[in-house]
Amino acid sequence: MARRTATPPPPEDFTERILDIDVAQEMEGSFLEYAYSVIYSRALPDARDGLKPVQRRILFQMAEMGLRPERSHVKSARVVGDVMGKLHPHGDTAIYDALVRQAQPFTMRVPLVDGHGNFGSLDSGPAAARYTEARLAPPALLMVDGLDEEVVDFVSTYDNAGTQPEVLPAAFPNLLVNGAAGIAVGMATNMAPHNLVEVISAARHLIAHPDASLDDLMRFVPGPDLPTGGKIVGLEGVRDAYATGRGTFRIRATSRIEDVTPRRRGIVVTELPFLVGPEKVIERIKDAVQNKKLQGIAAVNDYTDLANGL
């Protein structure tokens with residue numbers, strides 16, 4: 130057992146200074162600094178490239194490592210280690226989660242990371258970083274290819290050992306296409322994904338007609354386009370979100386009725402609402418049948434596979 134060393138006494142010429150500070154004022158100032166740090170450095174995306182700091186640093190570091198789409202995949206653990214050591218001094222789990230999210234086609238409308246291995250599903254998590262591999266997806270090149278052209282400002286890294294871009298020179302509207310979700314201090318964001326072709330069409334129309342109204346733009350982008358499909362029920366909430374930044378809408382699963390046997394018909398669900406997995410739905414249906422809230426259902430089976438999807 131290591132021995133404890135006694136704290137040496139202060140020098141004889143030490144002058145004690147005690148400052149009387151109002152607790153409320155100190156808490157207010159410190160909390161504002163903390164809130165500012167969380168909002169701008171961790172939780173919310175930048176409107177220019179649609180990325181949170183950790184996402185931006187992952188893409189930038191992967192570009193620095195030369196992990197282009199035509200190159201081979203590398204272990205995700207290597208990417209996480211480089212990002213954590215050079216750019217993002219936070220936990221490796223959070224970095225890996227951000228990497229995985231950018232590779233999931235059911236989360237991102239246009240994935241920016243090309244993952245190899247088990248990157249999880251709506252009902253289960255991914256394999257450990259030492260098993261999966263990653264490289265940049267082709268759309269990610271539209272985010273990083275302009276870094277050598279001095280079109281964005283660079284800032285120092287956390288240890289002043291290097292520089293990193295303040296924002297990526299995004300050549301496509303990532304924030305609108307892939308959406309964003311984050312909870313900061315005192316504020317939060319939750320933006321739904323949209324169709325890339327529709328967003329580009331609306332952007333071109335807005336450039337040609339700067340005074341275009343919301344109704345004009347909604348002719349090109351009538352609503353969100355979610356990666357997992359489903360049907361949006363009603364557009365009032367969507368219009369409110371576009372007009373004010375606040376709005377909610379409901380998503381209904383897509384289903385059809387098929388003949389399962391000559392004497393039995395079944396409901397086949399082919400699309401589920403955004404971020405809802407089949408296991409959760411099956412569990413809710415079984416609970417409703419057991420509690421006699423649903424009748425006429427003999428069994429619920431999940432036939433989801435990689436070849437046919439949901």
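Positions in the sequence shown are counted from 1; adding 129 to them yields my numbering. For glycine and all other residues, C-beta sits at the position ideal for the given N, C-alpha and C.
The beta strand (DSSP E) enclosing residue i, as first and last residue numbers
i	result
Thr433	Run containing Thr433: none; DSSP gives neither H nor E here.
Lys409	Counting along the chain, Lys409 falls outside any beta strand (DSSP E), though it belongs to the alpha helix (DSSP H) covering Pro407 to Gln419.
Leu265	Glu262 to Leu265
Gly214	Gly214 -> not in any beta strand (DSSP E); alpha helix (DSSP H) instead, spanning Ser205 to Lys215.
Met347	Segment Leu343 to Met347 is the alpha helix (DSSP H) holding Met347; no beta strand (DSSP E) there.
Assumed close pair residue i, residue j - CB separation to whole angstroms, cut-off 8 Å
i	j	result
Thr357	Phe403	6 Å
Val183	Ala313	Their Cβ separation, rounded to whole angstroms, is 14 Å, which puts Val183 and Ala313 out of contact at 8 Å.
Pro218	Tyr169	That belief does not hold up - the Cβ atoms of Pro218 and Tyr169 are roughly 16 Å apart, past 8 Å.
Val429	Lys415	6 Å
Ala176	Gly315	At roughly 18 Å, the Cβ-Cβ gap does not stay under 8 Å, so Ala176 and Gly315 are not in contact.
Continuous alpha helix (DSSP H) stretch holding residue i: start and end
i	result
Pro182	Pro182 to Glu193
Asp227	Asp is not the amino acid found at residue 227; the sequence shown has Ala there. Segment Asp221 to Arg230, the alpha helix (DSSP H) holding Ala227.
Gly425	Unbroken run through Gly425: none, as it is neither H nor E.
Arg333	Leu325 to Ala337
For residue j and residue i, the rounded distance between their alpha carbons
i	j	result
Arg379	Ser285	43 Å
Val229	Pro391	44 Å
Thr222	Ala300	29 Å
Gly376	Arg133	60 Å
Ala331	Gly179	18 Å
Leu355	Gly395	26 Å
Ile224	Arg385	40 Å
Leu401	Asp344	28 Å
8 Å CB neighbourhood of residue i in its chain, flanking five on each side removed
i	result
Glu262	His202, Val203, Lys204, Ser205, Gly244, His245 and Gly246
Phe189	Leu216, Val273, Leu276, Gln293, Pro294 and Leu297
Leu265	Leu188, Met191, Ala192, Leu196, Arg197, Pro198, Leu241, Val242, Asp243 and Val273
Contacts around residue i, its chain only, beta-carbon distance under 7 Å, and the 5 residues preceding and following it disregarded
i	result
Val280	Pro298
Gly158	none
Ala417	Leu423
Cβ shell of residue i (< 6 Å), same chain only, five flanking positions each side left out
i	result
Glu408	Asp252
Phe283	Thr292 and Pro294
Thr318	Leu173, Ala309 and Gly311
Pro302	Val328
Ala258	Ser205, Ala206, Val209 and Tyr225
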